[in-house]
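Have a look at the structure below before the remarks.
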Amino acid sequence: GNSVTQMEGPVTLSEEAFLTINCTYTATGYPSLFWYVQYPGEGLQLLLKATKADDKGSNKGFEATYRKETTSFHLEKGSVQVSDSAVYFCALSDGGQGAQKLVFGQGTRLTINP
Amino acid sequence: DTGVSQNPRHKITKRGQNVTFRCDPISEHNRLYWYRQTLGQGPEFLTYFQNEAQLEKSRLLSDRFSAERPKGSFSTLEIQRTEQGDSAMYLCASSFGGAPDTQYFGPGTRLTVL
């Protein structure tokens, strides 16, 4: 079945550091890929998405590129802020027009120190 | 624009009791999803509605679990004869359809079974 594997956390960085959170997937067909973020005490929020190979999703300074050859969707940010501290989830859906249940990775907790 | 809302936010119950959670999706969203998230893990799909029809259920959804979406608006998730293993965060998401089917999550209901 479909699955998502994320780099294990927690990850701790200093403000303005470069961030990479690795995500790889296993899927049949052509899934859509997502990054969701969960801030303390809040619900999951969609951060960015990509629907086909070589697409780049971006939002709030975060980027991720859909790499079909390496089945990856790594999340990057050039200069992190304290406010980026949260849990980040990589997810995939089956794509297409029908029901698209999401399959999530286990999440990566990110802490940014001032 | 109000987002997805869930009630209650927290529920503590004794083993063997029945509990019911409510989810109000974003208005005009015709798809509604339920997920369960245990500590340190990503959300796992439970079930999905297209309007009022329940179209898919996960193997995780035992016969003690039932979900409804009367009139295709709000949804309820009931757990009968709760067990300690049911302790988790129950998440609701809604979407308008399309490709990809971008889901918007509520804040969740945290269930603790004593």
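Those protein sequences? They're chains A and B, same order as listed.
The opening position of the first sequence corresponds to residue -7 in this note's numbering, with each subsequent residue numbered one higher.
The opening position of the second sequence corresponds to residue 82 in this note's numbering, with each subsequent residue numbered one higher.
Cβ atoms here follow ideal geometry from the backbone N, Cα and C, with glycine treated the same way.
The model shown is predicted, which means the values in this text are computed figures rather than measured ones.
The bridge partners DSSP lists for M170(B) are Q118(B), R191(B). Shown here, S143(B) sits in coil according to DSSP, grouped into three states, outside any helix or strand. For Q122(B), the closest Cβ of chain A is nearer than 7 angstroms.
Q165(B) counts as exposed, since fewer than 16 other beta carbons sit within 10 angstroms of its beta carbon.
Of the residues assessed, D76(A) falls on the buried side of the cut-off, its CB having 16 or more other CB atoms within 10 angstroms. Contact note: E68(A) does not reach chain B at a C-beta cutoff of 8 angstroms; the least C-beta distance is about 20 angstroms.
Contact check for F102(B) and L36(A): beta-carbon distance about 16 angstroms, past the 8 angstroms limit, so the pair fails to qualify. Restricting attention to D167(B), R140(B), S175(B), the CA atom closest to the CA of S156(B) is found in S175(B). Interface annotation for the stretch 140 to 165 of chain B against chain A: empty, criterion Cβ-Cβ distance under 8 angstroms.
A straight-line Cα-Cα distance of about 25 angstroms links S85(A) and L11(A). In this structure, C82(A) lies near V(-4)(A), with their beta-carbon atoms less than 7 angstroms apart.
Taking 8 angstroms as the upper bound for CB-CB distance, R112(B) and G189(B) are not in contact here, some 18 angstroms apart.
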